[in-house]
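Residue numbers (the working numbering), protein chains in the order written: chain V, 49 to 338; chain W, 2 to 420.
Okay, here's the thing in structure tokens:
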């Protein structure tokens, strides 16, 4: 029973990490209709930035996460018009062009990280690293708990932004119909660029937490991209609300399979579930995906 | 003086010039080749494995520099300097094979020194076989490299299944009655899986009770695995994986308030990067190494293992690990085989085949330890002689703790603060 409860906690906390990673990805897909292959790259760069900030300036990741968010918000905002231009190109298959573009971006990030930080894994130390809370037989790692709380905060912040602000209204309008939103006076290019900025900011911030929980090296990006795709597909592409349920479901599934069936089969079963989900509910758990 | 252009004269001079170049250059080339032993190095000088690739290059280069200080390799009373040629495998097996072919055809190397990774080594093996060029590999550790029984390839580092197997036996012997149970986990990918298999075999051979053996995908979150280990709390936990997995394991275990009584990992644990990144958490962790500077080995060129370490430090600014040492020792193997062969370079295909036979018969002591290649079995042409050393990290230092003849400190068991 102790192991069962511990697995429950482990699963929920893994879910928190997955939600952190995917929520921005979903937003950018919903608005820009871009499957951003660079999602893992942004998370990796966020982790490395936190690593630099803690080793060079002694800034704890819980403070640097805000700096990382601001920095990557601006980088994404700067890159946004380019993504928008590729995605709305009049040449053939702009959707595939955007996918190829972000894949190239991802390779550039990976190569840059190899050049800057070499192949070695880096740990990002925080005041909460290795700290835990004991509740009877269950141990709750505080870093993972923070990531979970941060995931909830990200989600809440995003919902408030989307449903309680004029900017959010413009974003939702854009997600529904770009042309109509433009006709109603929404500055489509500007809003799209800011959405991409918010996405990169959120994902890089998630990368800070992930690097603190695990470690960071130039090859982790592809792993995070894979997980973001898992969650996004189960949630329904573009469905921000579905991410919460899908992230928790996949986290719990991975934890219970690894504990009671065998860690070797965890990803196999996660893949299988995803396959079934695509067959049964292609629009995701809430049926709101594209 | 007439400067009138004569077409006939121009054609005649051109013809004579071309003829002289065609006939003269090979003669010059041959005379240059006669004086030297041409050694090709195929390794990863760029790409993901460039760090390890450059370690191998350092090891090979250090040997070349030292032997050339003496005038080169002595064969039948005459010394022949060595000349090094490099081919960048770019961390890709196919590129490694291309680089090896270029070295053999264009640079006409007499012998190859092998790549950093097992994957590239496997790709280069058929090339060395095709052109009958002996290749001494200072780094490949996967047992798969030797399964195909490569006639021209020789490996200096014992395959990982041998080192982890023997190290677990050595550890169990040293701990005696204090350790009765063990669990083995490993990443489900070739190298790490072989490492874990070796640990499992060692657990079985040493009579320990194997509580669990589990493989997991490289992308897995380790919290479930650590929670299970925590619930059974074995006396020894062995991990097969790479440095990033080790770091994740240590971080996850710490976050879940679990510290194994003995935690043994493989190669990456001795690297400065691992110790730096895990900080005080690395204290007490055990690792496996086939060579350390404290071992009581020596030879005529490098002196003792400690002398080699000092020499490498003065040349490159960092202390050598066992990969670098094995690469330098590869040169010693070539030296010894060429001396026994007794034929002056350049070596044609038949002579190179004889050289391969001479390498196969190697039986020498070096600063790196004893070298002798298996002539049959699943580790064909792998140097199976070195006995692995169990090391323990103590306050950031890598200290050999077992077996007794290599020990420089006492094995700390259980790790302070263990669960």
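Each residue gets a CB set at the ideal place from its N, CA and C atoms; glycine is no exception.
A quick note: this is a predicted structure, and the numbers were derived from the prediction, not measured.
(message) Given a cut-off of 7 Å on the beta-carbon distance, is the pair residue 245 of chain V and residue 128 of chain V in contact?
(response) In contact: residue 245 of chain V and residue 128 of chain V (Cβ atoms closer than 7 Å).
(request) Compare the C-alpha of residue 225 of chain W against each of W:203, W:254, W:198 and W:240 and name the closest. (result) Closest option to residue 225 of chain W, Cα to Cα, is W:254.
(message) At the level of alpha carbons, what is the spacing between residue 81 of chain W and residue 66 of chain W?
(response) One C-alpha to the other measures close to 13 Å.
(message) I want to know whether the stretch 318-327 of chain W touches the stretch 280-293 of chain W - three or more CB-CB distances under 8 Å.
(response) Enough Cβ pairs lie closer than 8 Å, so yes.
(request) Tell me, please, whether the CB atom of residue 62 of chain V is closer than 7 Å to any CB atom in chain W? (result) Yes, contact with chain W.
(request) Would you mind sorting residue 200 of chain W into buried or exposed? The rule is 16 or more other CB atoms within 10 Å of its CB. (result) Around the beta-carbon of residue 200 of chain W, 16 or more other beta-carbon atoms lie within 10 Å, marking it buried.
(request) Please work out which residues of its chain come closer than 6 Å, Cβ to Cβ, to residue 120 of chain V, disregarding the five sequence neighbours upstream and downstream, and give them in chain order. (result) Excluding residues within five positions, the ones whose Cβ falls inside 6 Å are 248, 249 and 252.
(message) For residue 417 of chain W, would you say it is in contact with chain V, using Cβ-to-Cβ distances shorter than 7 Å as the test?
(response) Chain V, which has no Cβ nearer than 7 Å to the Cβ of residue 417 of chain W, makes this no.
(request) Please check if any C-beta of chain W sits within less than 7 Å of the C-beta of residue 319 of chain V. (result) No - not a single Cβ of chain W is within 7 Å of the one on residue 319 of chain V.
(request) Pull up the distance between the alpha-carbon of residue 34 of chain W and that of residue 261 of chain W, whole angstroms please. (result) Note that residue 34 of chain W has pLDDT 45, beneath the 50 cutoff, so the model's placement of it is unreliable and the number below is only indicative. Whole-angstrom Cα-Cα distance: 58 Å.
(message) Using 8 Å as the cut-off, can you tell me whether the stretch 334-348 of chain W makes contact with the stretch 122-132 of chain W, which would need three or more C-beta pairs spanning the two stretches below that distance?
(response) The stretch 334-348 of chain W, when compared against the stretch 122-132 of chain W, does not touch it at the 8 Å Cβ threshold.
(message) Just list the residues that DSSP pairs residue 332 of chain V with in beta bridges.
(response) DSSP output for residue 332 of chain V lists no bridge partner at all.
(request) Confirm, please, whether the CB-CB distance from residue 313 of chain V to residue 249 of chain W is below 7 Å. (result) No. Outside cutoff.
(message) So for residue 142 of chain V, helix, strand or coil by DSSP?
(response) Shown here, residue 142 of chain V sits in a helix according to DSSP, grouped into three states.
(message) So, with DSSP's three-state summary, where would you put residue 187 of chain W?
(response) If DSSP states are grouped into helix, strand and coil, residue 187 of chain W belongs with the strands.
(message) Is there a Cβ of chain V sitting closer than 7 Å to that of residue 89 of chain W, yes or no?
(response) Under the 7 Å criterion on CB atoms, residue 89 of chain W is classed as non-interfacial with respect to chain V.
(message) Rounding to the nearest angstrom, what Cα-Cα distance links residue 180 of chain V and residue 305 of chain W in this structure?
(response) One alpha carbon belongs to residue 180 of chain V, the other to residue 305 of chain W, and they sit about 48 Å apart.
(request) Express the C-alpha separation of residue 98 of chain V and residue 113 of chain V in angstroms, rounding to a whole number. (result) C-alpha separation (whole angstroms): 7 Å.
(message) Considering Cα atoms alone, identify which of V:168, V:89 and V:218 is closest to residue 158 of chain V.
(response) Considering only alpha carbons, the answer is V:89.
(request) Taking only beta-carbon positions, decide if residue 169 of chain V is within less than 7 Å of chain W. (result) So yes, residue 169 of chain V belongs to the interface.
(message) By the DSSP assignment, the alpha helix (DSSP H) with residue 175 of chain V in it spans what residues?
(response) Going by DSSP, residue 175 of chain V is part of no alpha helix (DSSP H) at all; its letter is neither H nor E.
(message) Which residue marks the beginning of the alpha helix (DSSP H) containing residue 99 of chain W, and which one marks its end?
(response) That run of the alpha helix (DSSP H) goes 94-106.
(request) Residues of the stretch 216-241 of chain W with a CB closer than 7 Å to any CB of chain V: list them in chain order, please. (result) When C-beta distances to chain V are compared with 7 Å, the residues of the stretch 216-241 of chain W below that value are 216, 217, 218, 220, 221, 222, 224, 225, 226, 228, 229 and 232, in chain order.
(message) Beta-carbon within less than 6 Å of residue 293 of chain V's beta-carbon, same chain only, minus the 5 sequence neighbours each way: which residues are those?
(response) If we look at residue 293 of chain V and ignore the five residues flanking it on each side, its Cβ neighbours are 333.
(message) Classify residue 224 of chain V: buried if its beta carbon has 16 or more other beta carbons within 10 angstroms, exposed otherwise.
(response) Exposed: under 16 other Cβ atoms inside 10 Å.
(request) Would you identify the three-state DSSP class for residue 208 of chain W, choosing helix, strand or coil? (result) Note: residue 208 of chain W maps to coil in three-state DSSP.
(message) Just to make sure I have the definition right: I need the residues of chain W whose C-beta is within less than 8 Å of the C-beta of residue 56 of chain V. Which are they?
(response) From the beta-carbon of residue 56 of chain V, no residue of chain W is found nearer than 8 Å; the closest lies around 11 Å away.
(message) Could you check whether residue 172 of chain V and residue 260 of chain V sit closer than 7 Å to each other, using their CB atoms as the reference points?
(response) Taking 7 Å as the Cβ cut-off, residue 260 of chain V and residue 172 of chain V qualify as a contacting pair.
(message) I'd like to check one pair, residue 85 of chain W with residue 113 of chain W: are the Cβ atoms closer than 7 Å?
(response) For residue 113 of chain W and residue 85 of chain W, no; Cβs fall outside 7 Å.
(message) Relative to the C-alpha of residue 36 of chain W, which candidate in W:53, W:45 and W:344 has its C-alpha closest?
(response) Proximity to residue 36 of chain W across W:53, W:45 and W:344 peaks at W:344, based on C-alpha coordinates.
(request) Pull up the distance between the alpha-carbon of residue 194 of chain V and that of residue 231 of chain W, whole angstroms please. (result) C-alpha separation (whole angstroms): 23 Å.
(message) Could you check whether the Cβ of residue 248 of chain W sits closer than 7 Å to any Cβ belonging to chain V?
(response) Closer than 7 Å to some Cβ of chain V, the Cβ of residue 248 of chain W qualifies, so yes.
(request) Since I believe residue 116 of chain W is in contact with residue 196 of chain W (beta carbons under 8 Å), could you give me their beta-carbon distance rounded to a whole number of angstroms? (result) Contact between residue 196 of chain W and residue 116 of chain W does not hold, since their C-beta atoms are separated by about 19 Å, which reaches or exceeds 8 Å.
(request) Return the bridge partner residues of residue 217 of chain W from the DSSP annotation. (result) In DSSP, residue 217 of chain W forms a bridge with W:188.
(request) Measuring only between beta-carbons, confirm whether residue 136 of chain V sits less than 7 Å from chain W. (result) So no, residue 136 of chain V is outside the interface.
(message) Am I right that residue 427 of chain W and residue 236 of chain W are in contact with their C-beta atoms under 8 Å? What's the rounded C-beta distance?
(response) Chain W is shown from 2 up to 420; residue 427 of chain W falls before or after that span and cannot be answered.
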